[in-house]
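Residue numbers (the working numbering): 155 to 475.
Every residue, glycine too, gets a C-beta built ideally from N, C-alpha and C.
Note that the coordinates shown come from a computational prediction; the quantities given were computed from them, not determined experimentally.
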Amino acid sequence: MSLHVIVGAGPVGTATAYRLAAAGERVRVVTRRGTGPDHPAVERVAADAADPDRLATLADGAVAVYNCANPAYHRWARDWPPLAAALLTAAGRTGAVLATVGNLYGYGPVDGPMTEATPPAAAGTKGRVRNRMWAEALAAHRAGQARVTEVRGSDYLGVGTTSLPMLLLPPVLAGRRVVLPVDFDAPHTWTYVDDVARTLVVAAAAERAWGRAWHVPSPPAVSVRELATRAAALAGAPAPRLVRLPYPGLWLAGLVNPFARELRETAYQFDRPYLMDSTSATEILGVEPTPLDRALAQTVAALRHVAPATGAGSGDPRRRH
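So, in structure tokens, the structure goes:
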């Protein structure tokens, strides 16, 4: 039974903790308030993960440290650098593999499917932050100072995330109109949260996965409209009523809402096809994506379970990854 340290108890951190615990592993989840999944194999610790000395102490003896943290969307430039540095330092001191949950921001706008070889050409602040984090981790790996890997998904499908599907699906299932600043008919890759956790665990454990990034295996792309239509059919809800909010509306919303203001930088992700190629992780790591209809059915079932208690659909104005 090995020790695994997970920083962050959001949907991916929680799914990773449950997966490791179910495999008989010892899990320590680190968050500022000591939150995390309630499981006998999971130890929850309140700590500031940006403190490298404290984090190294907590990671002493661990085989892997999983970066599943999620700073507030509008604070990435401020919060990510010290946190990423502390994680890398702790991994280097303890010998634990650093497995990071990344995303596709670093590529910037791309014509065609993104692969792990797509150049990191992001011009926006958030993309540059992610690129700098990975470049520093990779440099440490190549220098023999740490062992690192990263898994990158597209927009998440799964309850508890702050992704576009979680803004879309609750009102669709309730038969309400949805107004969003997206092209509802552009094909888009969706990544299931459980697949992120599966890929993360495999990448941390497999030496062949270290020293590079991997795209989380995801099903073939479908449009927002098709995703909504499939969800409505599964739930027996009316056909979705989808209305596109013009970009000026997003710009105006950003005057009073910091989340909407930050979305201006990444609006390109939803005004054209947004496609991720994840064949490498399937072919080399052996991870297969959950079929979209199964992932969607599980998400719809979970939304039905939590909606009366939480008022699902109100939206949490933070980053979806």
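Opening and closing residue of the beta strand (DSSP E) in which residue i lies
i	result
THR254	251 to 256
THR309	According to the sequence shown, residue 309 is Asp rather than Thr. 309 to 311 is the extent of the beta strand (DSSP E) around ASP309.
VAL333	331 to 334
ALA216	216 to 221
Limits of the unbroken alpha helix (DSSP H) element including residue i
i	result
VAL183	Per DSSP, VAL183 belongs to no alpha helix (DSSP H); it is in the beta strand (DSSP E), 180 to 185.
VAL322	Note that residue 322 corresponds to Leu in the displayed sequence, not to Val. Taken as a continuous stretch (DSSP letters only), the alpha helix (DSSP H) holding LEU322 covers 318 to 327.
TYR134	Outside the modelled stretch of the chain, which goes from 155 to 475, sits residue 134, for which no answer is possible.
VAL283	279 to 296
PRO206	206 to 212
ALA226	Here ALA226 belongs to no alpha helix (DSSP H), and DSSP marks it neither H nor E.
Backbone CA spacing between residue i and residue j [nearest angstrom]
i	j	result
PRO392	ALA386	6 Å
GLY440	ARG352	11 Å
SER156	VAL305	21 Å
LEU212	VAL159	8 Å
GLU437	TRP368	11 Å
VAL454	PRO445	14 Å
GLY188	ARG198	5 Å
GLU442	ASP348	11 Å
ARG458	GLU290	42 Å
ALA216	VAL283	27 Å
ASP202	PRO165	19 Å
ARG476	VAL161	Absent from the structure is residue 476, since the part of the chain shown begins at 155 and ends at 475.
VAL376	ASN221	29 Å
LEU396	LEU242	43 Å
ALA169	SER317	16 Å
ALA175	VAL356	14 Å
PRO335	HIS342	14 Å
ALA171	ASN257	20 Å
VAL196	VAL183	7 Å
ARG229	GLN423	20 Å
GLY365	LEU252	10 Å
GLY307	ALA204	24 Å
VAL181	ASP214	13 Å
ARG301	GLU361	9 Å
GLY312	ALA231	26 Å
GLY408	GLU419	Below a pLDDT of 50, predicted positions are generally treated as unreliable, and GLY408, at 47, falls in that range; the measurement from the model is reported next regardless. So the alpha carbons of these two residues sit roughly 11 Å apart.
ASP339	MET430	17 Å
Helix, strand or coil at residue i [DSSP, three-state]
i	result
LEU354	helix
ARG306	strand
PRO443	coil
MET430	strand
VAL161	strand
PRO191	coil
PRO462	For PRO462, the predicted model reports a pLDDT of 41, less than 50, meaning its position is unreliable; a value from the coordinates is still stated below. Of the three classes helix, strand and coil, the one that applies to PRO462 here is helix, per DSSP.
ASP425	coil
ASP233	helix
ALA456	helix
GLY390	coil
GLY246	helix
ALA276	coil
ALA449	helix
ALA238	helix
GLY260	helix
ALA201	coil
TRP405	A caution first: TRP405 carries a pLDDT of 44, below 50, which makes its placement in the model unreliable, though a value can still be read off. Here TRP405 sits in helix by DSSP.
Presumed contact (8 Å Cβ cut-off) between residue i and residue j, rounded CB distance
i	j	result
THR383	PRO394	6 Å
PRO319	TRP288	No, PRO319 and TRP288 are not in contact; Cβ-Cβ is about 26 Å, not under 8 Å.
GLY246	GLN299	5 Å
TYR259	LYS280	5 Å
ALA297	ASN285	Wrong, their Cβ atoms sit about 18 Å apart, outside the cutoff.
Identity of the residues DSSP links to residue i by a beta bridge
i	result
VAL196	VAL181
SER377	PRO341
ARG398	LEU334
ALA364	Rather than Ala, the amino acid found at residue 364 in this sequence is Trp. In the DSSP output, where bridge partners are listed per residue, TRP364 has none listed.
TYR346	LEU311
MET268	MET430
HIS369	ARG306
ARG301	VAL251
Any non-hydrogen atom of the ligand GTP within 7 Å of residue i CB
i	result
ARG247	What this structure holds is no ligand at all, so the ligand GTP is not there to describe.
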